[in-house]
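Residue 41 in the numbering used here sits at position 60 of the sequence shown; the count goes up by one each step and never skips. Quick notes on the structure that follows.
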Amino acid sequence: STPKLPALLRRAVSDPETLAREIRSSPLAALASLFGNPTAVANSSYPIAVAHGMGDSCFNPGMKSITKFAGTALNTYSVCLPTADNLIMDTIKGFLHTMDASVDDFAKRVRADPKLANGFNA
């Protein structure tokens, strides 16, 4: 059997759009569902920082919905922190990055957001 990871890594460079689409449609992808419209039930003194799982992306409607729902329900700032700057690479990195690399991306984006400077809930 031929190792599949090297071919997958090559496709991430040569055809990232198709690879991201295949990852999103894979049974291994855990895509967030859309949430309804919440009403504020509490006030939080801390903002909310959200991260996505494998196959999902902060740019997908489900993650946007969860992030908005949490912020509205707690009457606070909320943000989804992607691992990349666009849907395609955020989806691919969700599968191909190590946990250490994903945490480093998350930390970099936390440090870049002044609204998270005094602490946050994740």
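Ideal placement from N, C-alpha and C gives every residue a C-beta, glycine not left out. Please read these numbers as outputs of a predicted model, since none were measured by experiment.
Fully contained in the segment -2 to 84 are the following alpha helix (DSSP H) runs of length 4 or more, in chain order: 42 to 54, 68 to 77.
Residue environment for serine 59: buried (at least 16 other C-beta atoms within 10 angstroms of its C-beta).
When rounded, the separation of the alpha-carbon atoms in tyrosine 27 and phenylalanine 50 is 15 Å. If you look at alanine -7, you'll find it in the alpha helix (DSSP H) that goes -14 to -5. Sequence-distant Cβ neighbours of threonine 64 in its own chain, meaning closer than 7 Å and more than five residues away, are Asp71, Lys74, Gly75, His78, Ser83, Asp86. Per the C-alpha coordinates, the member of Met80, Ala23, Arg5, Leu97 positioned closest to cysteine 39 is Arg5. With contacts defined by Cβ atoms closer than 7 Å, isoleucine 69 and alanine 11 do not form a contacting pair. Residue environment analysis places aspartate 37 among the buried positions, since at least 16 neighbouring C-beta atoms fall within 10 angstroms of its C-beta. Using a 10 angstroms sphere on the CB of leucine -14, the tally of other CB atoms stays under 16, which defines it as exposed.
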